[in-house]
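Protein chains in written order, with the numbering used here: chain A, 1 to 188; chain B, 189 to 512.
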């Protein structure tokens, strides 16, 4: 009770300017610290600090063009799985707390458990990407900026069809960075 | 029904006529490639074939792959993809470029194929014939996958030498009539089966037959793939694929010769149709595919084209048969 009273009573000791300066500095430190922690969770090092990611999906990514290619551009986990916009990013981070619970309870802590859950996890991610019109893909790629004339016949035709049918990247590019799960539905 | 078919096939016999002037017929270059075990069922499995979505929306195989047929053949012929028995294709050519021409006159339709046989390789099965060339065709829209994939409309995962063939298929009570050989069924169309398994092994539906009356009606309605086969050391065969492949000897249907290391095979058949034979008429589009059994190959060990179209005096068709 006395703490609440102290916190809600006017200061008799500190000037308004001092309070503003201390408050401002504190706010900057808190905000900076918060963002630093959030960005830390977006690093590849953080993602693969768990063996569940390192030994499964990260190992798969390393064999794909998003990891190594002629131009030297590399997509890390967060590039594809975390939105860049602050609000969307925060929503994703809040939802990710469920993954922390999964880590604690060991829902995918063995190869077998991971494979058993792969379809469910993949479908959840595909649904998210479909809902945001493949936002993370479009951070780097867009159908409008593609020069289909320099693409292979197969890619050219498929991208022309995607524009015509108003499809989004993830409609076709499932499994582009990770192994496709067994038991995928016909519509996927 | 069978009698009518025999009469229609007999019309091929003795059609010795003046050959067209092939220098006047437009040329179409088509690459046939080694397809491994890529059955029609496989093409619709999205986890295996990235184009399955496009196919379900009616996109043809050729519209995405015609330019890369040789590269695709290389993957299968070297055992990297869709070839469970890599030893059987050792040394096999990945692809063969073929020149295709067609022509017609008042009475007949002609189709000519020219190619240089590649280096020998792969499993030799047919001891008699060093090479064979088969053609299958339909009138546009009659066969469900005719326009989509040409020969793939008749290719299934449970045919002989394919991965999901039933070991007891030859014991089927109608095996002889359905052209089921000791190592399994030959060909059939999807729509002749009550169901076709497209997801889990065994893929296909070789034994899921419909009542015979339905096949008689389909034949009457032109819902079949007409088939021709030229053999280097035997008489040609002609017939159709419906619930089974039905081929009979058809002397005069095809002539083939190897001059200076180049094979030239010419098919000649009347424009008129009949039971199991499509009438070829102006203003219509026909879909076709063809395959070469090179170096004594048989069964699935052939080189296949994607599905293409032809028409009489139709510049929009892939192969334009001009009047002579």
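Backbone N, C-alpha and C fix where the C-beta goes; we use that ideal spot for every residue, glycine too. None of the values given here were measured: they were computed from a predicted structure.
Legend entry - Beta-carbon proximity list for residue 236/B, same chain, < 8 Å, skipping 5 on both sides: Its chain contains 230 as the residues whose beta carbon lies nearer than 8 Å to that of residue 236/B, once the 5 sequence neighbours on both sides are disregarded; these appear in chain order.
Legend entry - Beta-carbon proximity check, residue 338/B vs residue 357/B, cutoff 8 Å: no
Legend entry - N- and C-terminal bounds of the alpha helix (DSSP H) containing residue 136/A: 135-138
Legend entry - residue 301/B vs residue 261/B beta-carbon contact at 8 Å: Against a cut-off of 8 Å, the Cβ pair of residue 261/B and residue 301/B comes out as no contact.
Inset, instruction - Ignoring anything shorter than 4 residues or poking outside the stretch 52-86 of chain A, list the alpha helix (DSSP H) runs there in chain order. - result: 58-61, 77-81
Legend entry - Alpha-carbon to alpha-carbon, residue 140/A and residue 248/B: 30 Å
Inset, instruction - Have a look at 433/B, 419/B, 290/B, 470/B and flag the residue whose alpha-carbon is nearest the alpha-carbon of residue 217/B. - result: 290/B
Inset, instruction - Run through the stretch 343-431 of chain B for me and flag every whole alpha helix (DSSP H) of 4 or more residues, listed as ranges in chain order. - result: 400-408
Legend entry - Beta bridge counterpart(s) of residue 322/B as assigned by DSSP: Its beta-bridge partners are 417/B, 479/B.
Inset, instruction - Pick out whichever of 499/B, 497/B, 488/B, 510/B has its Cα sitting closest to the Cα of residue 351/B. - result: Of the candidates 499/B, 497/B, 488/B, 510/B, the residue whose Cα lies closest to the Cα of residue 351/B is 488/B.
Inset, instruction - Check the DSSP bridge columns for residue 433/B and list the partner residues they point to. - result: Note: residue 433/B sits in a beta bridge opposite 429/B.
Inset, instruction - Could you tell me whether the Cβ of residue 247/B comes closer than 8 Å to any Cβ of chain A? - result: So, interface residue.
Legend entry - residue 176/A versus residue 400/B - alpha carbon distance: 46 Å
Inset, instruction - Would you check if the stretch 363-380 of chain B and the stretch 431-447 of chain B touch, i.e. whether three or more CB-CB distances between them fall below 8 Å? - result: yes
Legend entry - Chain-order list of residues whose beta-carbon lies under 6 Å from that of residue 202/A (same chain, five-residue window excluded): Summary: the structure shown does not reach residue 202/A, with chain A confined to residues 1 through 188, and so no result is reported for it.
Inset, instruction - Could you tell me if residue 296/B is buried or exposed, where buried requires 16 or more neighbouring beta carbons within 10 angstroms of its beta carbon? - result: buried
Inset, instruction - Counting only the same chain and skipping the five closest in sequence on each side, list residues whose C-beta sits under 8 Å from that of residue 194/B. - result: Confidence at residue 194/B is low in this model, with a pLDDT of 45, below 50, so the placement of that residue should be treated as unreliable; the coordinate-derived value is given next. Within the same chain, residue 194/B has close Cβ partners 436.
Inset, instruction - Would you list the one or two residues that DSSP bridges to residue 296/B? - result: Under DSSP, residue 296/B shares a beta bridge with 458/B.
Inset, instruction - Run the CB neighbour count on residue 202/B, radius 10 Å, all protein chains shown included, and call it buried at 16 or more, exposed below. - result: In this predicted model, residue 202/B has a pLDDT of only 48, less than 50, meaning its place in the structure is not dependable enough to derive any value.
Inset, instruction - Would you mind sorting residue 466/B into buried or exposed? The rule is 16 or more other CB atoms within 10 Å of its CB. - result: buried
Legend entry - Reduced DSSP category for residue 24/A - H, G, I as helix; E, B as strand; rest coil: helix
Inset, instruction - Kindly give me the distance between the Cβ atoms of residue 506/B and residue 308/B, rounded to whole angstroms, as I take these residues to be in contact under 8 Å. - result: At roughly 30 Å, the Cβ-Cβ gap does not stay under 8 Å, so residue 506/B and residue 308/B are not in contact.
Inset, instruction - Determine, using beta-carbon pairs with one atom in the stretch 275-283 of chain B and one in the stretch 305-323 of chain B, whether at least three such pairs fall under 8 Å. - result: yes
Legend entry - CB contact below 8 Å: residue 184/A versus chain B: yes
Inset, instruction - Kindly list the residues whose CB is nearer than 6 Å to the CB of residue 470/B, restricted to its own chain and excluding five residues on each side of it in sequence; keep chain order. - result: 500
Inset, instruction - With a cut-off of 8 Å on the beta carbons, I'd call residue 579/B and residue 418/B a contact; round off their distance for me. - result: The structure shown does not extend to residue 579/B, since chain B is modelled only from 189 to 512, so the question has no answer here.
Inset, instruction - Could you check the C-alpha separation between residue 2/A and residue 11/A for me, to the nearest Å? - result: Straight-line Cα distance between these residues: approximately 15 Å.
Inset, instruction - Could you tell me if residue 361/B is buried or exposed, where buried requires 16 or more neighbouring beta carbons within 10 angstroms of its beta carbon? - result: Residue 361/B comes out exposed.
Inset, instruction - Just the chain B side, please: which residues come within less than 8 Å of residue 172/A by C-beta, in chain order? - result: 238, 241
Inset, instruction - Alpha carbon to alpha carbon, how far is residue 212/B from residue 458/B? Give it in angstroms, no decimals. - result: 20 Å
Legend entry - Residue-chain proximity (residue 130/A, chain B), Cβ-Cβ < 8 Å: no
Legend entry - Whole-Å CB distance - residue 156/A paired with residue 168/A, under 8 Å assumed: Their Cβ separation, rounded to whole angstroms, is 18 Å, which puts residue 156/A and residue 168/A out of contact at 8 Å.
Legend entry - Neighbour flag for residue 235/B against chain A, beta carbons, 8 Å: yes
Legend entry - Segment contact, 8 Å Cβ cut-off, at least three pairs: the stretch 56-64 of chain A with the stretch 12-31 of chain A: Taking a contact to require three or more Cβ pairs closer than 8 Å, the stretch 56-64 of chain A and the stretch 12-31 of chain A do not qualify as touching.
Legend entry - Sequence-distant residues of its chain with Cβ nearer than 6 Å to residue 298/B (five each side left out): 208, 291, 456
Inset, instruction - Identify each residue in the stretch 139-165 of chain A for which the Cβ-Cβ distance to at least one residue of chain B is less than 9 Å, and report them in chain order. - result: 152, 153, 154, 155, 156, 157, 158, 161, 165
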